[in-house]
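K.L.:
Questions regarding the structure given below will be posed in turn.
Protein chains in written order, with our numbering: chain A, 6 to 334; chain B, 226 to 556.
And the structure:
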């Protein structure tokens, strides 16, 4: 495992900046939600940023991503424009999906970002198919499939892992175990709480990784992706993490202790990584301030972009239900 | 001009197989997958022999995981391929309803036009083989309810032969419903047909007294009813809807404006049926052209039972269609 002290200064700051960018963006989203600019369900990634940031660094532009409804972090880490993402959440035409998807359904063809899927487990079969396509095309692309531990209880999880393993497809399954499926604790819904064991039972190489440690995530993802490109078939990472905020904006958090949340926050991905960098002499207040300012400027520009956005004309409502209009009789 | 080949009698099953073979031959990005489509030859033997001809990569047996393999087909379509998926029966397709309704149907619209899903999903539907209540239902209307899907029901040999090609050429998800009683129906292909659309309804018999509207497995019964009606001096026009979504209601309305009477024959249950939709459209758009109340002949509202006499009692039958048409024309 790499330690912070081995890190080149530039990369250390890139990783920190990438995580802070997601954190600050979502903190702004909370404000914008309270102000009524963002509506619908809003699921925040705060606390889990190390996973998206670490994994995306292991991928190439041609690889495909399938994520969940808690996907702002994945979208940003993958390189979607923050402006298009926020405009989407504002329901504006300039959003990545013209305001049709909102927070939970973010798509971007340019970065091969196939959602945003608000059906728990629904993205797994899709990832298997994307991987099948790249195999059939003779390409060496990986499909990275993110999902929460709640998806493990769904039949689609088991069907998809089996099929990917059976056909040796290049899928990187990334289970972000934040311990709660909405309000249901893992131990209250699973007979086997070691989720990597379930994956291993399908003959998929599986590892458990500290999802709060961006370097550990990156290293594990690099290794898994290399194995997949070398023809191993699917790989599975269980990433231990914790969601610091409520499940969505409509969650009184009756199911967990405040003390538990506070304990996890002490081990948050940003606080621990930046402390490590400081201790190693790779970060000081001035450098952190520069990162924060850069992020703040980008967010301000995204807010301005989204505010200035327009609404898709209602006359275009039925556009893209079908690619082809039926011929007239 | 008639050759031994062109006049050879073939079955609906063989016509479907010809379509599959042609798709696999012509389109290197097309492949077939589903439960038992390869070694077994297909639950209804439609894909028999294709594994030997095209190999395991293009004729893929899947585990009994409807949601995973239908979802994987959707993913492969997103990835640039043209998967043809066989689901054994519409009853089993309920296990992959999530992927069809929540993913395939929504993706293009919800992504702001970024992603199309050119997947073709074939499945058997309908009753008549004494398979009882978990293999016999006609649920195609559930799919016809959903914007983003195209739903087609080949009722003739020529449609069995050519609709798949049209479905495969379509950039959006297309569901093909094959009635189980049609697979053994034999006849000759029309040598002059080299392709069909999946947009328009077809007038299968011309008449002026009453319009009988149907699709899929009920077309044969409806044509038989029209023949009986003709013997009684009633000229029934028979419309085969062919595409259940989007509906070609224009062809239906044109016929009703001519005959002023309509009977809809649908193997689905009456409540919330496709027949209900067609009736509502006629009532909305051709009410003042009607000279008689709209009528429907549908399946009895019970789970389809096993015993032959009970199964027959559930399904639309020729005498009921004849009776409904006679009531409409008043003789």
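Heads up, the beta-carbon is just placed ideally off N, CA and C, and yes, glycines get one too.
Quantities reported herein were computed from a predicted structural model and do not represent experimental measurements.
1. Run down chain A in chain order and give the residues with a C-beta less than 7 Å from the C-beta of residue 402/B.
2. Using beta carbons (cut-off 8 Å, strictly below), is residue 277/B in contact with chain A?
3. Within 10 Å of its beta-carbon, does residue 409/B have 16 or more other beta-carbons around it, so buried, or fewer, so exposed?
4. Who are the near neighbours of residue 127/A in its chain, counting only those whose CB is closer than 7 Å to its CB and skipping five residues on each side?
5. Taking the straight line between their C-alpha atoms, what separation do you get for residue 549/B and residue 519/B?
6. Counting only beta-carbon atoms, is residue 541/B nearer than 8 Å to chain A?
7. How close, in whole Å, do the beta carbons of residue 541/B and residue 443/B come, if the pair is a contact with beta carbons under 8 Å?
8. Could you tell me which of 488/B, 474/B and 547/B sits nearest to residue 454/B, measuring between CA atoms?
9. With distances taken between CB atoms, is the gap from residue 422/B to residue 341/B smaller than 8 Å?
10. Apart from the five residues just before and just after residue 289/B, which ones in its own chain have a Cβ nearer than 8 Å to its Cβ?
11. Please confirm if residue 379/B has its CB atom under 8 Å from at least one CB of chain A.
12. Sort 543/B, 510/B and 506/B by Cα distance to residue 523/B and report the nearest one.
13. Check whether the Cβ of residue 317/B lies closer than 8 Å to any Cβ atom in chain A.
14. Would you give the residue range spanned by the beta strand (DSSP E) that residue 259/B belongs to?
15. Which value, in whole angstroms, describes the spacing of the CA atoms of residue 114/A and residue 296/A?
16. On the DSSP letters alone, give me the boundaries of the beta strand (DSSP E) that residue 130/A sits inside.
17. Measure the C-alpha to C-alpha separation of residue 6/A and residue 266/A and round it to an integer number of angstroms.
18. Compute the Euclidean distance between the alpha carbons of residue 368/B and residue 497/B, then round it to the nearest angstrom.
19. With DSSP run on the structure shown, which of helix, strand or coil describes residue 3/A?
20. Grouping DSSP H, G and I as helix and E and B as strand, with all else coil, what is residue 321/B?
21. Who are the neighbours of residue 303/B on chain A, taking C-beta pairs under 9 Å?
22. Give the straight-line distance between the Cα atoms of residue 198/A and residue 213/A, rounded to the nearest whole angstrom.
23. Using DSSP with H/G/I as helix, E/B as strand and the rest coil, what is residue 332/B?
24. Does the distance from the CB of residue 338/A to the CB of residue 244/A come in under 8 Å?
25. Where does residue 268/B fall in DSSP's three states?
26. Touching or not, the segment 295-314 of chain B and the segment 126-143 of chain A, by the rule of three or more beta carbon pairs under 8 Å?
27. Flag residue 328/B as yes if its beta-carbon sits less than 8 Å from any beta-carbon of chain A, otherwise no.
28. Taking DSSP as the reference, what is the three-state secondary structure of residue 367/B?
29. Closest by CA to residue 424/B, which one among 338/B, 528/B and 375/B?
30. Going by the beta-carbon positions, is the gap between residue 91/A and residue 313/A smaller than 8 Å?
31. Just checking: is the beta-carbon of residue 167/A within a distance shorter than 8 Å of some beta-carbon in chain B?
32. Among the candidates 263/A, 170/A, 87/A and 109/A, whose CA atom is the shortest distance from the CA of residue 207/A?
33. Measure the C-alpha to C-alpha separation of residue 221/A and residue 56/A and round it to an integer number of angstroms.
34. Are the C-beta of residue 155/A and some C-beta of chain B separated by less than 8 Å?
35. Anything in chain B within Cβ reach of residue 328/A, meaning under 7 Å, just list it in chain order.
36. Any beta carbon from chain B within less than 8 Å of residue 184/A's own beta carbon?
P.N.:
Working from what's here:
1. Result: empty, since nearest Cβ-Cβ is about 18 Å, beyond 7 Å.
2. no
3. exposed
4. 161
5. 10 Å
6. no
7. 6 Å
8. 547/B
9. no
10. 260
11. no
12. 543/B
13. no
14. 255-259
15. 29 Å
16. No beta strand (DSSP E) holds residue 130/A; the alpha helix (DSSP H) holding it covers 128-141.
17. In this prediction, residue 6/A scores a pLDDT of 44, lower than 50, which makes its location untrustworthy; no coordinate-derived value is stated.
18. 12 Å
19. Outside the displayed range of chain A (6 to 334) lies residue 3/A, so it cannot be described from this structure.
20. helix
21. 69, 119, 131, 134, 135 and 138
22. 12 Å
23. helix
24. This structure gives no information on residue 338/A, because the portion of chain A shown stretches from 6 to 334.
25. coil
26. yes
27. yes
28. helix
29. 375/B
30. no
31. yes
32. 170/A
33. 9 Å
34. no
35. 333, 341, 396 and 397
36. no
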